[in-house]
Structure formats: C-alpha cells, structure tokens
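Everything on this sheet refers to the single structure shown next.
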Amino acid sequence: MKKDIATVKQYYESGVETEWERLNTHRAEFEITCSYLDRFIKPGDTVLDVGGGPGRYSLYLASKGCDVTLLDLSRGNVDFALEKAKAAGLKITGICGDARYADKIITNTFDHVLIMGPLYHLIEVKDRERAVSACLKLLKDDGILYASFISSFAGVIYYLKEGTDIKQIPENELEYMYNAAEGRDYAGQAFTLAYFAKMEDIVPFFDRFGLTRLHFFGQEGIIAPCEDKVYSQSEEAVKEWIEISKLLCENPNYMSYSEHFMYIGKKEKSKCIT
1 MKKDIATVKQ
11 YYESGVETEW
21 ERLNTHRAEF
31 EITCSYLDRF
41 IKPGDTVLDV
51 GGGPGRYSLY
61 LASKGCDVTL
71 LDLSRGNVDF
81 ALEKAKAAGL
91 KITGICGDAR
101 YADKIITNTF
111 DHVLIMGPLY
121 HLIEVKDRER
131 AVSACLKLLK
141 DDGILYASFI
151 SSFAGVIYYL
161 KEGTDIKQIP
171 ENELEYMYNA
181 AEGRDYAGQA
191 FTLAYFAKME
201 DIVPFFDRFG
211 LTRLHFFGQE
221 GIIAPCEDKV
231 YSQSEEAVKE
241 WIEISKLLCE
251 NPNYMSYSEH
261 FMYIGKKEKS
271 KCIT
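Numbering (my numbering), first residue to last: 1 to 274.
Spelled out as structure tokens, the structure:
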C-alpha cells in the first residue's frame, strides 16, 4: 500500500497546475457540484476539504466566507493552494497528510467535510472505509459529508469523446472498460492507480456508516460524453445545458452520463458508525 500511495502522490506532485486547470476544462462538474455545496454550506461554516488537491473547492468556499482547512497528500498541491489563496486575498489552512489518517493529524471538528479525491485512488475497500471513518470522526454531529467517486463508466466516456481508435487503447485500460460493460467495478492502473466505482454500490457503501442520505448525483450531469461540443456553443447555451444537467443529474436513468458521482449524507449522532 505504501508503494501505491507513493505512486498517486507522485502523479499529483508532477501535475499540480494541470489539476488546477482541470475544472476549467470540465466546467459542468465544478458548477453542478458547487450548486449542491451552496445548498448546505453557509458563510462562517467550518469546512475540511480532504484530498482537495490544489484547492479549487477550498478557495471557492473561502470566497463565500467559510473557514476552510485543506488536507492533501501532495505538498505541491497544498503549497499551490496556499499561494492561490494569498493571491486572491483569501485565508485557508493547508496541511499535508494521508486521508486515511486525517483524524490523527487534525484535532478539531467541522460543520462540513469534503472527501472528493481520495476515494478515486484507495483501491482497497478497507482503505476507503478507513478514510471515510476518519472524516466522520472530524465531522460534527448533524454535519454533512460530501464524497466523490469516479464512475465505472468514466473510461468508456473518456475514449468515446476523445475519438480514440479502440485498437490503440492499452490493454489494462480496455479491462476497466469491459468491467463497466459487464457490471463490475475496477481497481488498478488507469491514469494512475485508481478505483472506478459502480453507481449502485455507492449508496450502500455509505449506509454501513449510518449516514442519512441527502443527495446522490452525477457531477457532470449529461454533459460529459459531449462536453467539447457543448462548450463550443455560446455562453448562454452552455449555461442552459448546465441548468438542464442540474435537473437531470439525480435521475438514475441519466447518471451513467457522468464521469464522477457525489454522495451527500448527514451525520446523525444516534445513527452514525465511525
């Protein structure tokens, strides 16, 4: 596992700017996700962003007046986020560490905890459980958890929209595409070590922690398979497509159009298991 973590850490250390720009390229993912965060997170709230990368969501929430702490495996990501915050006149706290041991690194508790990256890369279920348990220990009673997974359909969507000759796709990447077709998840080598989750497994995964489900949705809505064509349209058209996606993103019939899923759940003291 140490080797796996080192592999993922190196991937992000070598691509800090790329990860920052990713949510410019994938605009729908960011805007749809923020629309859900805005439903619950208010100015003055305390937020822990676990695995928050170079800080896109941390800075967004800090700009809304939240007290934000960013924890990330990559020192490069943390330093980049702190520099971006300083340049924007915002204040966030940045800490370098492993999501699985967040509760050993941080002692205070938060109104909201985001875990929107680590569950992409913890390929053993016991490690995903450990990371979520750590987050819940840092979440106040009646606080809200926001957790993201990569969809098992993500590889299929990626290669379709890129127009890649299927005969040129590496064999290991074909494996996770066929896994999706056969209704299986995938854990192993992809763009780096990654876990691609089946949509129907995510809510039951969180049920075992006793969370109260608030929302479960596709973070790109219906846009992911054809986002280049959508984003080439007028600004008014792009906004309308994103609004349509917001209306459809919780509909199970359309969730497989998304490359990422988000679960939002409430921690109730009488029910939660950490």
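Every residue gets a Cβ at the ideal spot worked out from N, C-alpha and C, and that includes glycine. On a predicted model such as this, the values are computed, not experimentally measured, just so you know.
Do you know offhand how far C321's Cα is from A237's?
Residue 321 falls outside the range modelled here, since the chain spans only 1 to 274, and no answer is possible.
With C-beta atoms as the reference, is P54 less than 7 Å away from A81?
Against a cut-off of 7 Å, the Cβ pair of A81 and P54 comes out as a contact.
Among the candidates C96, T25 and H215, whose CA atom is the shortest distance from the CA of L48?
Closest option to L48, Cα to Cα, is C96.
Judging by CA-CA distance, which residue of A224, K198, G44 and A99 is the nearest neighbour of T25?
The option with the nearest alpha carbon to T25 is A224.
For V50 and L114, which I take to be in contact (beta-carbon distance under 8 Å), what is that distance rounded to the nearest angstrom?
About 6 Å; that satisfies the 8 Å criterion.
Considering R213, what are the terminal residues of the beta strand (DSSP E) in which it resides?
Unbroken beta strand (DSSP E) run through R213: T212 to G218.
Mind pulling the beta strand (DSSP E) runs of 3 or more residues that sit fully within the segment 54–85?
Complete beta strand (DSSP E) runs here, min 3: 67–72.
Give me the residue from Y158, V132 and D165 with the minimum Cα distance to R208.
Nearest of Y158, V132 and D165 to R208, Cα basis: V132.
Kindly indicate the opening and closing residues of the beta strand (DSSP E) around C96.
Segment I92 to C96, the beta strand (DSSP E) holding C96.
In angstroms, rounded to a whole number, what distance separates the CA positions of D79 and G94?
When rounded, the distance between both Cα atoms is 8 Å.
Using the Cβ count rule (16 or more neighbours within 10 Å means buried), how would you classify F261?
With 16 or more other Cβ atoms within 10 Å, it is buried.
State buried or exposed for L193, treating a residue as buried only when at least 16 other CB atoms are found within 10 Å of its CB.
It counts as buried.
Starting from F261, trace the beta strand (DSSP E) in both directions and tell me its first and last residue.
Note, F261: beta strand (DSSP E), H260 to K266.
Tell me where the alpha helix (DSSP H) around S245 begins and ends.
First-last of the alpha helix (DSSP H) with S245: E235 to L248.
For the pair the segment 137–150 and the segment 102–109, tell me if three or more CB-CB distances fall below 8 Å.
With a cut-off of 8 Å, the segment 102–109 and the segment 137–150 count as touching, because enough Cβ pairs lie within range.
Please list the terminal residues of the continuous alpha helix (DSSP H) segment that includes T33.
Start and end: R27 to F40.
Between the segment 151–167 and the segment 249–267, do three or more beta carbon pairs fall short of 8 Å?
Because the criterion of three Cβ pairs below 8 Å is met, the segment 151–167 and the segment 249–267 touch.
Measuring CB to CB, does N77 end up less than 7 Å from V8?
Not closer than 7 Å, so no.
Just reading off the alpha helix (DSSP H) that Y231 is part of, what are its end residues?
Segment E227 to Y231, the alpha helix (DSSP H) holding Y231.
So what does DSSP say about D185, is it helix, strand or coil?
Here D185 sits in coil by DSSP.
Rounding to the nearest angstrom, what Cα-Cα distance links Y176 and G44 in this structure?
Rounded to whole angstroms, Y176 to G44 spans 42 Å at the Cα level.
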